[in-house]
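Residue 136 is where the sequence shown starts when you use this note's numbering, and the numbers rise one by one after that. Idealized CB from N, CA, C, for every residue including glycine. The structure appears right after this line, and notes come after that.
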Amino acid sequence: MDKKRLDNLKKLILYCKNNIPLYSKLYSKIDIEQINTFEDFKKIIPPISKKQLLNLNNSSNIDLGLDNNTQGAMFLRVTSGTASKMACFYRSEKEIEQSAERFYNTYSKYLNNNNKRDKVIIINDFTLSYIFARHFSKCECLICLGNPFDLNHTVNIIKTAGCNVIRTTPPIALKIAQMLVSQKYTEINKFFLAGSGLSSITKQKLKDYYPQAQIHMQYGMAETAISLYQCKHNLGTNIYHKFNDDFFYEFIDDKSNNITKTDDIGELVITKYTHENPLIRYKTGDICQLKDICQCGKQNIKLLGRKEDQFKIKGIVVFKEKIDKAIYNTKKYCTGEYQLIIDEIEENGTLKSKLALYIELEPKYEKSDKHVKTKIKNKIAKEFSDNFMITEDYSWSQGIELGIFSKVDVIIKNELKGLKIKKIIDKRYSY
Ligand SMILES: [Zn+2]
């Protein structure tokens, strides 16, 4: 099996080198005959990020050969610009169909149960919605499309159509669920979410709004469509399994070395086994932790967040997950949406780490007077600081006592929603 995969991979690399200008440039000095094992493949073929692809391509349209391919339909997919630059990837009809098959094979068992067809509302950016519609139509669900830029209109569609399944990002799911519950809509019983991780506070709030609802997470991206899935043991977590038939997965550390041990952390690097739009050793920018084998027999992969969502505080690497855990403790007052600005400040002659936390208040506190709001802000700052653990046994509050951290500023914002809001902004590196 591995031998066959390796042979296919070598053929793919050769095809890319000979036919796709971008890869011809990238592999000009590479001798493919030197690749005899997967280890050779990792050593000889360089991993490549979206930013590098864009630079090699001299255009924001990343043509991986499909432009010249007359077989099947073509679709352009615009990514959200996490590499600080927008990019278009071509997608073929065949790839979209394969993505729908992967979805069908892993998620269809949760749909249309008890002989009742699920009515799905898809609320994503419009090109993505097309792909997700294909996923759900493969499973024979009824589908309608919402508008992520007009949630009031979307709520009306849900109510009129009688939708019971919401397919969107976690932040939009939270907002829509809140709006639907306030209008006494009770039909929602499934969420299919992707686009960012599921924080404990978002999960808790969705459960509060719709206690019976199942939460399914998916992992995918513009470049590869659905590329990790959850089995029944991991529903509603940030733990996933791989599609080993369609992709080759690696996890690499800062020095591009492969990580393989349980609990090790590295960036997901993905290779598509396909001549359609080939991506070879593509650095996804998503940071994962290798976990033990699941009850179903597959390896567990925990998604920790985007590469840009990790940062260092006094030399210690901190992941977004730790912030999410601290935010969870503010759930009495806040919606769960937040943005955190990291900075440094000089206080009494000492350079201290400084945080500004932007939050959205729960609707019932929105109309409170200034005095009450100040009290609430102080409570949020305390809860957050006590529970923001920089290491296992060392919180932000303890850092304040030791004089190395400054106190957290809490700022109330009315609207923090967005398709993919940047949750963490590190001002220390933007000068
Ligand atoms: Zn499993």
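Tell me the rounded alpha-carbon separation between residue i and residue j.
{"i": "residue 181", "j": "residue 175", "result": "11 Å"}
{"i": "residue 586", "j": "residue 461", "result": "The requested residue 586 does not occur in the structure, where the chain is confined to residues 136 to 566."}
{"i": "residue 326", "j": "residue 301", "result": "5 Å"}
{"i": "residue 424", "j": "residue 162", "result": "30 Å"}
{"i": "residue 464", "j": "residue 392", "result": "37 Å"}
{"i": "residue 566", "j": "residue 184", "result": "Residue placement at residue 566 is flagged as unreliable, the pLDDT there being 38, under the threshold of 50; the coordinate-derived value follows with that caveat. The straight-line gap from Cα to Cα measures roughly 24 Å."}
{"i": "residue 499", "j": "residue 230", "result": "46 Å"}
{"i": "residue 528", "j": "residue 491", "result": "22 Å"}
{"i": "residue 559", "j": "residue 533", "result": "22 Å"}
{"i": "residue 561", "j": "residue 523", "result": "17 Å"}
{"i": "residue 449", "j": "residue 489", "result": "11 Å"}
{"i": "residue 139", "j": "residue 466", "result": "51 Å"}
{"i": "residue 196", "j": "residue 508", "result": "48 Å"}
{"i": "residue 248", "j": "residue 445", "result": "40 Å"}
{"i": "residue 545", "j": "residue 539", "result": "19 Å"}
{"i": "residue 451", "j": "residue 390", "result": "18 Å"}
{"i": "residue 205", "j": "residue 358", "result": "Low confidence applies here, because residue 205 scores a pLDDT of 48, under 50, leaving its location unreliable; read the following figure in that light. Computed Cα separation, rounded: 20 Å."}
{"i": "residue 577", "j": "residue 151", "result": "For residue 577 there is no data in the structure shown, the boundaries of the chain being 136 and 566."}
{"i": "residue 347", "j": "residue 149", "result": "51 Å"}
{"i": "residue 177", "j": "residue 386", "result": "11 Å"}
{"i": "residue 458", "j": "residue 171", "result": "44 Å"}
{"i": "residue 340", "j": "residue 309", "result": "7 Å"}
{"i": "residue 360", "j": "residue 563", "result": "34 Å"}
{"i": "residue 277", "j": "residue 239", "result": "15 Å"}
For the alpha helix (DSSP H) that residue i lies in, which residues bound it at each end?
{"i": "residue 337", "result": "335-344"}
{"i": "residue 242", "result": "228-242"}
{"i": "residue 288", "result": "286-296"}
{"i": "residue 175", "result": "173-179"}
{"i": "residue 279", "result": "Here residue 279 belongs to no alpha helix (DSSP H); instead the beta strand (DSSP E) covers 277-280."}
{"i": "residue 484", "result": "Per DSSP, residue 484 belongs to no alpha helix (DSSP H) and is neither H nor E."}
{"i": "residue 271", "result": "261-273"}
{"i": "residue 157", "result": "156-161"}
{"i": "residue 360", "result": "That residue, residue 360, is in no alpha helix (DSSP H); its beta strand (DSSP E) goes 360-364."}
{"i": "residue 458", "result": "455-463"}
{"i": "residue 316", "result": "305-317"}
{"i": "residue 188", "result": "185-192"}
{"i": "residue 581", "result": "No statement about residue 581 is possible, as the shown extent of the chain runs from 136 to 566 and does not include it."}
Taking 8 Å as the threshold (C-beta atoms), are residue j and residue i in contact?
{"i": "residue 487", "j": "residue 477", "result": "no"}
{"i": "residue 283", "j": "residue 266", "result": "no"}
{"i": "residue 273", "j": "residue 329", "result": "no"}
{"i": "residue 256", "j": "residue 289", "result": "yes"}
{"i": "residue 121", "j": "residue 436", "result": "Nothing about residue 121 can be reported from this structure: the residues present for the chain run from 136 to 566 only."}
{"i": "residue 520", "j": "residue 530", "result": "yes"}
{"i": "residue 157", "j": "residue 191", "result": "yes"}
{"i": "residue 394", "j": "residue 370", "result": "no"}
{"i": "residue 497", "j": "residue 470", "result": "yes"}
{"i": "residue 305", "j": "residue 331", "result": "yes"}
{"i": "residue 165", "j": "residue 179", "result": "yes"}
{"i": "residue 405", "j": "residue 384", "result": "yes"}
{"i": "residue 254", "j": "residue 298", "result": "yes"}
{"i": "residue 525", "j": "residue 453", "result": "yes"}
{"i": "residue 381", "j": "residue 408", "result": "yes"}
{"i": "residue 439", "j": "residue 400", "result": "yes"}
Using only alpha-carbon positions, find the residue among the options that is nearest to residue i.
{"i": "residue 193", "options": "169, 222 and 170", "result": "222"}
{"i": "residue 417", "options": "502, 533 and 403", "result": "403"}
{"i": "residue 322", "options": "435, 145, 169 and 345", "result": "345"}
{"i": "residue 167", "options": "156, 145, 188 and 151", "result": "145"}
{"i": "residue 368", "options": "432, 438 and 343", "result": "432"}
{"i": "residue 169", "options": "504, 352 and 141", "result": "141"}
{"i": "residue 567", "options": "160, 173, 563 and 178", "result": "Lying before the first or after the last residue shown, residue 567 is absent from the chain, which here runs from 136 to 566."}
{"i": "residue 473", "options": "334, 247 and 240", "result": "334"}
{"i": "residue 557", "options": "396, 225, 353 and 493", "result": "493"}
{"i": "residue 258", "options": "285, 243 and 276", "result": "285"}
{"i": "residue 364", "options": "380, 550, 406 and 242", "result": "242"}
{"i": "residue 548", "options": "563, 501 and 516", "result": "501"}
{"i": "residue 313", "options": "343, 411 and 292", "result": "343"}
{"i": "residue 378", "options": "318, 276, 447 and 353", "result": "353"}
Which two residues bound the contiguous beta strand (DSSP E) that contains residue i?
{"i": "residue 440", "result": "434-441"}
{"i": "residue 506", "result": "Premise fails: residue 506 lies in the alpha helix (DSSP H), 505-522, not in any beta strand (DSSP E)."}
{"i": "residue 406", "result": "400-407"}
{"i": "residue 445", "result": "445-448"}
{"i": "residue 545", "result": "544-547"}
{"i": "residue 410", "result": "Neither: residue 410 is in no beta strand (DSSP E) and is coded neither H nor E."}
{"i": "residue 355", "result": "354-356"}
{"i": "residue 425", "result": "417-428"}
{"i": "residue 561", "result": "559-561"}
Within 8 Å of any Cβ in chain D, is that where the Cβ of residue i sits?
{"i": "residue 181", "result": "Structure shown: chain D not included; a single protein chain is present."}
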